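Participant:
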Amino acid sequence: MKILFMGTPDFSAESLKAIYEAKHEIIGVVTNIDKPKGRGMKLTPSPVKEYAIKKDLKVFQPEKVKKNTEFIEQIKQLNPDVICVVAYGKILPKEILEIPKYGCINVHASLLPKYRGAAPIQWAIINGDKQTGITTMQMDEGMDTGDILLMEKVEIGENETTGELWDRLSIIGGKLLVETLKQIEEGKINKTKQGDNFTIAPMLKKDIGKIDWNNKTAKEIKNLVRGLNPIMGAYTFLNGKKFKFWAVEDIEAKKLNVEIDKPIENLDNLNLGTIIISNQKQGLFIKAKNGIIKVLEIQGENAKKMSTQDFLRGNNIKEGNVFE
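Each number in our numbering comes from the position in the sequence shown (counting from 1) with 744 added on.
1. Could you check if K858 is buried or exposed, using at least 16 other CB atoms within 10 Å of its CB as the buried criterion?
2. Select from G1017, G1027, K811 the residue whose C-alpha is nearest the C-alpha of N1034.
3. Give the single residue among P789, E908, K937, T880 whose Cα lies nearest to the Cα of K926.
4. If we ignore side chains and look at the alpha-carbon of each, how far apart do N967 and V826 end up?
5. Between the C-alpha atoms of G872 and T813, what's the straight-line distance to the nearest angstrom?
6. Where F1067 and I975 are concerned, what is the direct C-alpha to C-alpha distance, given to the nearest angstrom?
7. Please say whether L822 and L748 have beta carbons closer to each other than 8 Å?
8. For L1011, I'd like the list of residues in its chain whose CB is within less than 8 Å of its CB, leaving aside the five on either flank, ordered along the chain.
9. With a 10 Å radius around its C-beta and 16 neighbouring C-beta atoms as the bar for buried, classify E758 as buried or exposed.
10. Taking the beta strand (DSSP E) that P857 falls in, what are its first and last residues?
11. Quick one: grab the DSSP three-state call for K985.
12. Using the beta-carbon count (16 or more within 10 Å), is K793 buried or exposed?
13. If I measure Cβ to Cβ from K946 and keep anything under 7 Å in the same chain, skipping five residues before and after, which residues do I get?
14. In whole angstroms, give me the CA-to-CA distance for Y723 and L855.
15. Apart from the five residues just before and just after G847, which ones in its own chain have a Cβ nearer than 6 Å to its Cβ?
16. Looking only at C-alpha atoms, which of Q1043, N1060, C828, K834 sits nearest to K845?
17. Of all the alpha helix (DSSP H) runs that stay within the bounds of the segment 847–924, which reach a length of 4 or more residues?
18. If we count the other Cβ atoms within 10 Å of its Cβ and call it buried at 16 or more, is N776 buried or exposed?
19. Sort I1061, A1047, N1046 by Cα distance to V1039 and report the nearest one.
20. Name the residue from R1057, V851, P837 whose alpha carbon lies nearest to the alpha carbon of I1089.
21. Do the CB positions of L894 and L913 come within less than 8 Å of each other?
22. Kindly indicate the opening and closing residues of the beta strand (DSSP E) around G772.
23. Ignore the nearest five residues each way along the sequence and tell me which others in G1027's own chain have a CB closer than 8 Å to its CB.
24. Could you tell me which residues DSSP puts in a beta bridge with N1060?
25. At the level of alpha carbons, what is the spacing between P753 and K781?
26. Are I955 and I944 closer than 8 Å when you measure CB to CB?
27. What are the boundary residues of the beta strand (DSSP E) that includes L1028?
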């Protein structure tokens, strides 16, 4: 089949790599325009563009796809049998969806209809889900509402971060896309309508990263930290200074004495967010709802992230202080 591929981040690049290595005829690659990155704000191509150039594939970078007559005409001239869309970042209009013989196939990082939207991996971890997966879907005009083609379930590790799960799912997504294309070619693919019991995974807003010591449990705080690693980091304030947490453990209060090898007096009477232990040897322990947070990786204001032990070597965080 003649395939037009549309995608942008490294997650997408794995799918492009998979269909390229499966010897499909890739007639073009569509990706977002180069974006400024780094301190020098140098224009940087997307991971998909980098792979496409390396494999000498034709690249298209339209600023918009809706009401872009010139671009839509280019696609018609290419005459793809199918368009594969993986985290492209733009909504495709009906005119494009209707061009290919076999329509547009999307790789989505959740078990649809759960987590329709832009950030399914992040929300699965933030919400403490034990399982997620990959869905290949026949695209329609809605947001991830098309018929389900194939699915593969994946268990989420207890300490797995968004970055780690992202990498795993990107490879699984590529393999499932190749299998989906194979079944389409062979006329064996079955389509399943999505149910009405759906959830949404919207883009993450900056303020989601603020740790709510008063209302979130230790487990929920840990899930937030995992879910925002490596995207933005969960953050909190102490004496007006911002601290980011990149890795934490949640410990049951009754097991704290075993962890630090000494009893904590009046633990029940301490405010949530109170620093219980803070030293290089034992680490940083904070009282949370239904448990204790042990910080493993931390980043001070205008500083690099580092292990808590390294951080406490050069920074004094006093026991008894309370994170806001």
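By construction, the Cβ of each residue, glycine as well, lies at the ideal position given by its N, Cα and C atoms.
Note that the coordinates shown come from a computational prediction; the quantities given were computed from them, not determined experimentally.
Facilitator: This is what the structure gives:
1. buried
2. G1017
3. T880
4. A straight-line Cα-Cα distance of about 38 Å links N967 and V826.
5. 44 Å
6. 22 Å
7. In this structure, L748 sits near L822, with a CB-CB distance shorter than 8 Å.
8. A997, L1000, I1020, K1031
9. The Cβ neighbour count for E758, taken over all protein chains shown within 10 Å, is at least 16; the residue is labelled buried.
10. Premise fails: P857 is in no beta strand (DSSP E) and is neither H nor E.
11. In the three-state scheme derived from DSSP, where H, G and I count as helix and E and B as strand, K985 is classed as strand.
12. buried
13. Residue 946 is actually Pro in this sequence, not Lys. So the list reads G861, A862, A863, once near-sequence residues are dropped.
14. In the structure displayed, the chain extends from 745 to 1068; residue 723 sits before or after that span and is not available.
15. The residues are Q882.
16. C828
17. 864–870
18. buried
19. I1061
20. Since the displayed the chain opens at 745 and closes at 1068, residue 1089 lies outside it and no answer follows.
21. No, the Cβ-Cβ distance between L894 and L913 is not below 8 Å.
22. 769–774
23. For G1027, where only same-chain residues beyond five positions count, the Cβ hits under 8 Å are I1021, K1038, V1039, L1040, T1052, Q1053, L1056.
24. In the DSSP output, where bridge partners are listed per residue, N1060 has none listed.
25. 14 Å
26. When the beta-carbon positions are compared, I955 and I944 stay at least 8 Å from each other.
27. 1027–1032
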